[in-house]
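Chemist:
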Amino acid sequence: MNQLKTVSQSQAADQKENTALQEAAQREKTIIRTSVIGILANVVLAAFKGVIGVLSGSIAIVLDAVNNITDAGSSLVTIIGTKLAAMQPNRKHPFGYGRIEYLSAMIIAAIVLDAGISSFVESVKKILNPETPDYSTPSLLILGAAVVIKILMGRYVKKVGERVHSDSLVNSGKDAVMDSVISASTLVAAVIYLTTKISLEAWLGAVISIVIIKSGFEMLRDTISQLLGERVDAELARAIRQTVCSFPLVRGVYDLVLNNYGPDNFNGSLHIEVPDTSTAEQLDELTRSITVKVYLEHRVILTAIGVYSYNTRHDQAMLMEQRIREAVSSCQGVLQIHGVYVNEERKTIRFDVVISFDVKNRKAAYEEIYGKVNGMYPEYELQIALDTDFSES
5 MNQLKTVSQS QAADQKENTA LQEAAQREKT IIRTSVIGIL ANVVLAAFKG VIGVLSGSIA
65 IVLDAVNNIT DAGSSLVTII GTKLAAMQPN RKHPFGYGRI EYLSAMIIAA IVLDAGISSF
125 VESVKKILNP ETPDYSTPSL LILGAAVVIK ILMGRYVKKV GERVHSDSLV NSGKDAVMDS
185 VISASTLVAA VIYLTTKISL EAWLGAVISI VIIKSGFEML RDTISQLLGE RVDAELARAI
245 RQTVCSFPLV RGVYDLVLNN YGPDNFNGSL HIEVPDTSTA EQLDELTRSI TVKVYLEHRV
305 ILTAIGVYSY NTRHDQAMLM EQRIREAVSS CQGVLQIHGV YVNEERKTIR FDVVISFDVK
365 NRKAAYEEIY GKVNGMYPEY ELQIALDTDF SES
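According to this note's numbering, the sequence shown is numbered sequentially starting from 5.
Pasting the structure below:
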C-alpha cells in the first residue's frame with residue numbers, strides 16, 4: 005500500500021513539474037510580448053516627440069522624447085533579462101538564473117535615474133539661457149495623443165507585470181505612467197505659453213527631472229532590497245505551515261526559511277514538532293510526504309526538514325512543558341516558544357525562543373527568560389536557543 009502511495013505521489017510530482025515548466029514558458033512569452041509592444045510604442049512616440057521638440061525649440065518635449073527612448077531600452081533589458089533568467093540550472097549555478105530578473109530590474113532603475121539626472125542638467129542650462137518655444141496645433145494634438153497612449157500602455161504593462169510577478173515589467177509600467185504625467189505637464193506648459201506668453205518649460209523640465217530621479221531611486225532601493233533577501237511573504241508562510249500541519253503526526257511547524265532564487269522560485273527548510281515516540285521509519289516517510297505535498301501545493305522545494313520532539317511518555321514532563329510555555333510566553337517581546345523537551349533522566353530542558361526584532365535588547369530579554377525558567381527548575385540544565393522567525397510580520 006505504501007509503495008502504491010509513493011508511486012502515486014511521484015506521478016503527481018512529475019505532472020506538477022511539467023505544468024510548472026509550461027507555466028514558466030508561458031510567463032516568458034508574456035513578458036517578451038509585452039516588452040516588444042512597449043519598445044514599438046516608445047520608438048514611435050520618441051520619433052514624433054523628437055521632431056516636434058526640435059521644430060518648436062521645446063526642451064521639455066525633447067527631454068520627453070529622450071525619456072521614451074530610455075523606456076524602449078528598459079523594455080529591451082527586460083527581454084534580455086527574462087531570456088537569461090530562463091536558462092536551466094547547471095553545476096556552477098544549481099539554483100538556476102532566476103535572480104537575473106532582479107538585476108535587469110536594477111538596470112532599468114539605473115536607466116531611469118540616469119535619464120532624470122541628465123534631463124535635470126539640461127533643464128538648468130535652459131533656465132540659465134532661456135529660449136522661446138514655437139508651438140503648432142498639430143504638435144499639441146500629438147502630445148495629447150501621447151499622454152493617452154502612455155497612460156493606457158503604463159497600466160497595461162504594470163498589470164501584466166503584477167500578474168506574472170515580473171519586477172522589470174512592473175517598473176517599466178510605473179515609468180510609463182510617470183511619462184504620461186511628464187507629457188501632460190509639457191502640454192500644460194505649452195497651453196500656458198500660448199495663452200500668456202509665459203514660458204515655464206525649463207522650470208517644468210527641472211521639476212519633472214526631480215520626479216524621475218525620485219522614481220529611479222525608489223526602484224533601485226526596492227530591487228536592492230530583494231537581492232539582499234526580504235522576509236518571506238506572510239500569506240505564503242501561513243499556507244505552507246497549514247499544509248505541513250495537516251499531517252497527523254505534526255503538532256507544529258517552526259523555523260520556516262525560504263530562499264528566493266527568482267520570482268516564484270523558492271527553496272526552503274523548516275522544523276516539525278512530532279511525538280517523542282516516533283520511529284526513524286515514520287519520520288522518513290513523513291518528511292518525504294511533506295516535501296512532495298508542499299511542492300505540489302506551493303511550488304516550494306524543501307531542501308531540509310528538521311525534527312523537534314515533544315514529551316508524551318511522562319506526565320510530569322508534559323506538565324513541566326506546559327508550565328514552561330506559559331512562563332516564557334508571558335515575557336515581553338516573546339513571539340514564540342517551540343521545541344520544548346524535558347529529559348528527566350539527564351535532567352535537561354531544551355527549547356527555542358523567538359524574540360521580536362522590535363525588542364531593543366534581545367540579549368537582556370533572553371537572560372530574563374533564562375532566569376525565570378532556571379528559577380522554576382534549578383535542578384535542570386537549560387539548553388535555550390535564541391531563535392529567529394524569518395517570516396515574522
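Cβ coordinates follow ideal geometry from the N, Cα and C atoms, glycine included.
Pull up the DSSP beta-bridge partners for residue 385, would you.
Modeler: Position 381 of the sequence shown, counting from 1, holds the residue named residue 385. Partner(s): 352.
Chemist: Distance, Cα to Cα, residue 343 vs residue 83?
Modeler: By 1-based counting over the sequence shown, the position of residue 343 is 339. By 1-based counting over the sequence shown, the position of residue 83 is 79. Looking at the two C-alpha atoms, the distance is approximately 47 Å.
Chemist: Considering just the uninterrupted stretch of the beta strand (DSSP E) at residue 307, what are its terminal residues?
Modeler: As a position in the sequence shown, residue 307 is number 303, starting the count at 1. Residues 304-314.
Chemist: On a Cα-Cα basis, can you pick out the residue from 31, 380 and 144 that is closest to residue 57?
Modeler: Taking the first residue of the sequence shown as 1, we reach residue 57 at position 53. Of the candidates 31, 380 and 144, the one whose C-alpha sits nearest the C-alpha of residue 57 is 144.
Chemist: Where residue 186 and residue 37 are concerned, what is the direct C-alpha to C-alpha distance, given to the nearest angstrom?
Modeler: Position 182 of the sequence shown, counting from 1, holds the residue named residue 186. Position 33 of the sequence shown, counting from 1, holds the residue named residue 37. Spanning the two alpha carbons is a distance of roughly 26 Å.
Chemist: Pick out the complete alpha helix (DSSP H) segments inside the stretch 162-223, 4 residues or longer, and give them in chain order.
Modeler: Runs of the alpha helix (DSSP H) inside the stretch 162-223: 171-200.
Chemist: Check for me: the beta strand (DSSP E) holding residue 340 runs from which residue to which?
Modeler: Along the sequence shown, read from residue 1 onward, the residue named residue 340 stands at position 336. Residues 338-347.
Chemist: On the DSSP letters alone, give me the boundaries of the alpha helix (DSSP H) that residue 118 sits inside.
Modeler: Indexing the sequence shown from 1 puts residue 118 at position 114. Residues 104-132.
Chemist: For residue 309 versus residue 273, is the C-beta distance shorter than 8 Å?
Modeler: What you label residue 309 is simply residue 305 of the sequence shown in a count that begins at 1. What you label residue 273 is simply residue 269 of the sequence shown in a count that begins at 1. Yes, these two residues count as a Cβ contact at 8 Å.
Chemist: Please report how far the alpha carbon of residue 69 lies from the alpha carbon of residue 119, in whole angstroms.
Modeler: On the sequence shown, position 65 is the one that residue 69 refers to. On the sequence shown, position 115 is the one that residue 119 refers to. So the two alpha carbons sit approximately 11 Å from each other.
Chemist: Taking the alpha-carbon of residue 280 as reference, which of 324, 246, 346 and 117 has the nearest alpha-carbon?
Modeler: Your numbering for residue 280 matches position 276 in the sequence shown. Residue 280 has its Cα closest to that of 346, out of 324, 246, 346 and 117.
Chemist: My output table needs one value for residue 397: the three-state DSSP class, helix, strand or coil.
Modeler: Your numbering for residue 397 matches position 393 in the sequence shown. A caution first: residue 397 carries a pLDDT of 47, below 50, which makes its placement in the model too unreliable to give a value.
Chemist: For residue 258, which beta-bridge partners are listed by DSSP?
Modeler: Counting from 1 along the sequence shown, the entry for residue 258 is found at position 254. Paired residues: 275.
Chemist: At 4 residues or longer, what runs of the alpha helix (DSSP H) sit wholly inside the stretch 50-108?
Modeler: 63-89, all fully within the stretch 50-108.
Chemist: Ignore the nearest five residues each way along the sequence and tell me which others in residue 6's own chain have a CB closer than 6 Å to its CB.
Modeler: On the sequence shown, residue 6 is found 2 positions in, with the first residue counted as 1. With a pLDDT of 48 at residue 6, under the threshold of 50, the predicted position of this residue should be treated as unreliable, and no value is reported.
Chemist: Indicate whether residue 338 and residue 377 have their beta-carbon atoms separated by less than 8 Å.
Modeler: Taking the first residue of the sequence shown as 1, we reach residue 338 at position 334. Taking the first residue of the sequence shown as 1, we reach residue 377 at position 373. No.
Chemist: Does DSSP classify residue 362 as helix, strand or coil?
Modeler: As a working mapping, residue 362 is identified with position 358 in the sequence shown. In this structure, residue 362 counts as coil in the three-state DSSP scheme.
Chemist: Which of the three DSSP states, helix, strand or coil, is assigned to residue 357?
Modeler: In the sequence shown, counting from the first residue as 1, residue 357 sits at position 353. In this structure, residue 357 counts as strand in the three-state DSSP scheme.
Chemist: Give the secondary structure of residue 390 by DSSP, where H, G and I count as helix, E and B as strand, and everything else as coil.
Modeler: Looking up residue 390 in the sequence shown gives position 386. Three-state DSSP puts residue 390 in a strand.
Chemist: If we call anything under 8 Å between Cβ atoms a contact, is residue 216 one with residue 123?
Modeler: In the sequence shown, the residue the question calls residue 216 occupies position 212. In the sequence shown, the residue the question calls residue 123 occupies position 119. Yes, these two residues count as a Cβ contact at 8 Å.
Chemist: Mapping DSSP to helix, strand and coil, what is residue 263?
Modeler: By one-based count along the sequence shown, residue 263 stands at place 259. The answer is strand: DSSP assigns residue 263 an E or B state.
Chemist: Mind checking residue 149: buried by the 16 CB within 10 Å criterion, or exposed?
Modeler: Locating residue 149 in the sequence shown gives position 145, counting from the first residue. Flag for residue 149 reads exposed.
Chemist: To which residues of the same chain is residue 352 closer than 7 Å at the C-beta, ignoring the five residues directly before and after it?
Modeler: Your numbering for residue 352 matches position 348 in the sequence shown. 384, 385 and 387, listed in sequence order.
Chemist: Can the beta-carbon of residue 152 be found less than 8 Å from the beta-carbon of residue 177?
Modeler: Taking the sequence shown and counting its residues from 1, the one referred to as residue 152 is at position 148. Taking the sequence shown and counting its residues from 1, the one referred to as residue 177 is at position 173. No, they are not a contact pair.
Chemist: Taking the alpha helix (DSSP H) that residue 323 falls in, what are its first and last residues?
Modeler: Counting from 1 along the sequence shown, the entry for residue 323 is found at position 319. Run containing residue 323: 319-333, per the alpha helix (DSSP H) assignment.
Chemist: Return the first residue and the last residue of the alpha helix (DSSP H) that residue 247 is part of.
Modeler: For the purposes of this step, residue 247 is identified with residue 243 of the sequence shown, where counting begins at 1. Note, residue 247: alpha helix (DSSP H), 238-249.
Chemist: Which value, in whole angstroms, describes the spacing of the CA atoms of residue 141 and residue 105?
Modeler: Here residue 141 is taken as the residue at index 137 of the sequence shown, counted from 1. Here residue 105 is taken as the residue at index 101 of the sequence shown, counted from 1. When rounded, the distance between both Cα atoms is 43 Å.
Chemist: Looking only at its chain, what residues have a beta carbon closer than 8 Å to the beta carbon of residue 40, apart from the 5 residues adjacent to it on each side?
Modeler: If you number the sequence shown from 1, residue 40 lands on position 36. The answer, listed in chain order, is 79 and 83.
Chemist: Where residue 328 and residue 298 are concerned, what is the direct C-alpha to C-alpha distance, given to the nearest angstrom?
Modeler: Position 324 of the sequence shown, counted from the start, is the residue given in the question as residue 328. Position 294 of the sequence shown, counted from the start, is the residue given in the question as residue 298. Roughly 32 Å separates the two Cα atoms.
Chemist: Quick check on the burial criterion: 16 or more other C-beta atoms within 10 angstroms. Buried or exposed for residue 91?
Modeler: Within the sequence shown, numbered from 1, the residue matching residue 91 stands at position 87. Burial call: exposed.
Chemist: Hey, how far is the Cα of residue 330 from the Cα of residue 358?
Modeler: Locating residue 330 in the sequence shown gives position 326, where the first residue counts as 1. Locating residue 358 in the sequence shown gives position 354, where the first residue counts as 1. Roughly 14 Å separates the two Cα atoms.
Chemist: Please report how far the alpha carbon of residue 242 lies from the alpha carbon of residue 294, in whole angstroms.
Modeler: Residue mapping note: residue 242 aligns to position 238 of the sequence shown, counting from 1. Residue mapping note: residue 294 aligns to position 290 of the sequence shown, counting from 1. Cα to Cα, residue 242 sits roughly 15 Å from residue 294.
Chemist: Cβ-heavy atom distance between residue 390 and the ligand MG below 7 Å?
Modeler: Absence of the ligand MG from the depicted structure is noted, as is the absence of any ligand whatsoever, leaving it without description.
Chemist: Answer yes or no: do residue 158 and residue 189 have a C-beta to C-beta separation smaller than 8 Å?
Modeler: On the sequence shown, position 154 is the one that residue 158 refers to. On the sequence shown, position 185 is the one that residue 189 refers to. Not closer than 8 Å, so no.
Chemist: On a CA-only basis, which of 305, 258 and 269 is nearest residue 311? Give me that one, please.
Modeler: Your numbering for residue 311 matches position 307 in the sequence shown. Closest option to residue 311, Cα to Cα, is 258.
Chemist: Just the Cα atoms here: how many angstroms apart are residue 48 and residue 179?
Modeler: Numbered from its first residue, the sequence shown carries residue 48 at position 44. Numbered from its first residue, the sequence shown carries residue 179 at position 175. Using only the alpha carbons, I get a separation of about 17 Å.
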